[in-house]
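Structure, as structure tokens:
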Amino acid sequence: MHDDPFHPRHYRDVRRPVREASTLPAWCYISEAFLRREHECIFSRAWLFAGRLEEIPRGGSRTVETARGKIILVRDPAFGAFGDADRLNRIRAAVWAGFVFVCFSRRTAGLTSWLGDMTQRLASHRFAEFRVVRRRHYTVRANWKLIAENAMEAYHTGTVHDDSLGAQASRDLVTRGHWDAIQVFGEASVAVLPGQPAPFPAVPSLSREARAGTFFTTLHPNTQFACAQDSMWWLHYRPLTPGLTHLEVGQCFPQTTTRRDDFAEGSTVYFHRWDTGIDEDNAICEVQQAGISSPFHRPGRLSLREQAVHRLNNWIVDQTIDDGHARRRIDAPR
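Using the working numbering, the first residue of the sequence shown is number 378, and each one after it goes up by one.
This is the structure we're talking about:
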């Protein structure tokens, strides 16, 4: 690693337009110092995903692991107070569409500002009426940002998922706030494998845009919401070390779907698709981590099909590097 990995000159190629841009330097994925900078400048200031509201009983609590440590979410009849499990200090918490978020900074703007236009873009899914039905946990031998990058491009689907999901076409969305997204085209649900009929109906309230395909979104810093027409799933990636990540996958359906007589049987095809895709993505991320860890690794150029990866990389640089070019810095002083 260079003596000063945070000097702006190392990130000039990352800042270039996507046609000319390169990936982040290797130390961003393997350095303890860079992970410490991420904790200081990102995880201690960002709004962090913390699960679903229906998982916290009224008058009860739920313990949640975050990138900043363990917290206890305590819900009173009016939704109530939250505390830090280690120090029992109150932290900020907010809910959007049944999803719970927490923030360890008093200076960061509120959740509505953080999410920007995502709340309108995804409103027609009516996620407040969804219920989480399944969670899976993985330990991935890769940096957390590789999981995030993998989730933000369909370029890899024709190779990594050639025998399962198959190649997918997508478009990039212009967003406002601390989120980015692509949309994979197709009115048929991608929550089941190609050729497999989707057992469950689409959400009736979907907008024309939402009916046209599946949104794959990154809620910065470390959560993805994949929003199909009939279901949604999240990926929540929590760094343990520079090369080790805890990945949680949560899977949700509309409550009306979960009450169907055939839900237990029909949901199995969704679970099979999700498990298949996640296993393949985890494996390729571990291969990437091994390559980045090589002393011979050099940053590479990005494809035009990786524009969302380019935006994600620049969001990371916005928070961690003082180069005078930040466009989406968390509005808390350094």
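Note that beta-carbon positions come from the ideal geometry of N, C-alpha and C, so glycine has one too.
Sub-8 Å separation of residue i and residue j beta-carbons
i, j, result
"Trp556", "His597", "yes"
"Arg508", "Cys604", "no"
"His502", "Val580", "yes"
"Leu422", "Ile669", "Checking the displayed sequence, the identity of residue 422 turns out to be Arg instead of Leu. Not in contact: Arg422 and Ile669 (Cβ atoms no closer than 8 Å)."
"Tyr388", "Gln666", "no"
"Glu564", "Arg588", "yes"
"Gly428", "Val472", "no"
"Met529", "Phe426", "no"
"Leu570", "Ile559", "no"
"Leu689", "Thr595", "yes"
"Pro631", "Glu506", "yes"
Beta-bridge pairing of residue i - partner residues as DSSP gives them
i, result
"Trp491", "None, per the DSSP bridge assignment."
"Phe383", "Its beta-bridge partners do not exist; DSSP assigns none."
"Cys604", "Phe592 and Met609"
"Gln560", "Arg548 and Phe592"
"Tyr614", "Leu624"
"Val472", "Val477"
"Cys629", "Val509 and Met609"
"Ser399", "Arg678"
Residue i classed as buried or exposed, judged by whether at least 16 other C-beta atoms fall within 10 angstroms
i, result
"Arg711", "Note that Arg711 scores a pLDDT of 42, beneath 50, so its modelled location is shaky; the value from the coordinates is reported in the next line. Arg711 should be labelled exposed."
"Asp607", "buried"
"Glu526", "buried"
"His384", "exposed"
"Arg452", "buried"
"Lys447", "exposed"
"Arg484", "exposed"
"His514", "exposed"
"Glu397", "exposed"
"Glu642", "exposed"
"Phe562", "exposed"
"Asn691", "buried"
"Arg413", "exposed"
"Arg678", "exposed"
"Leu492", "buried"
"Thr489", "exposed"
"Arg738", "The chain is shown only over 378 to 711; residue 738 falls outside these bounds and no answer can be derived."
"Thr697", "buried"
Limits of the alpha helix (DSSP H) - the one that residue i falls within
i, result
"Glu663", "Phe640 to Ile669"
"His687", "Gln684 to Thr697"
"Cys405", "Trp404 to Ile407"
"Arg392", "Arg389 to Arg392"
Inter-residue Cα distance where the pair is residue i and residue j
i, j, result
"Met378", "Trp404", "Low confidence applies to Met378: its pLDDT is 49, below 50, so where it sits in the model is not reliable enough to give any reading."
"Thr622", "Phe420", "14 Å"
"Glu586", "Ala410", "42 Å"
"Arg445", "His416", "7 Å"
"Thr633", "Phe504", "12 Å"
"Phe640", "Ala500", "24 Å"
"Asp381", "Asp695", "17 Å"
"Val686", "Thr645", "31 Å"
"Arg439", "Ile433", "6 Å"
"Val391", "Glu657", "27 Å"
"His613", "Asp700", "29 Å"
"Arg486", "Gly554", "The sequence as given places Ala at residue 486; Arg does not occur at that position. Spanning the two alpha carbons is a distance of roughly 11 Å."
"Thr496", "Asn520", "29 Å"
"Leu401", "Phe602", "24 Å"
"Leu566", "Glu663", "Residue identity differs from the one stated: residue 566 is Ser in this sequence, not Leu. Straight-line Cα distance between these residues: approximately 28 Å."
"Ile524", "Ala568", "19 Å"
"Gln615", "Ser399", "Contrary to the premise, residue 615 reads as Arg rather than Gln in this sequence. About 25 Å."
"Phe577", "Gly627", "18 Å"
The beta strand (DSSP E) enclosing residue i, as first and last residue numbers
i, result
"Thr634", "Element bounds for Thr634: not the beta strand (DSSP E) but the alpha helix (DSSP H), Gln632 to Thr635."
"Arg429", "Trp424 to Arg429"
"Phe673", "Note, Phe673: premise wrong, no beta strand (DSSP E); not H, not E."
"Glu442", "Ser438 to Thr443"
"Arg511", "Phe507 to Val517"
"Leu523", "Segment Trp521 to Asn527 is the alpha helix (DSSP H) holding Leu523; no beta strand (DSSP E) there."
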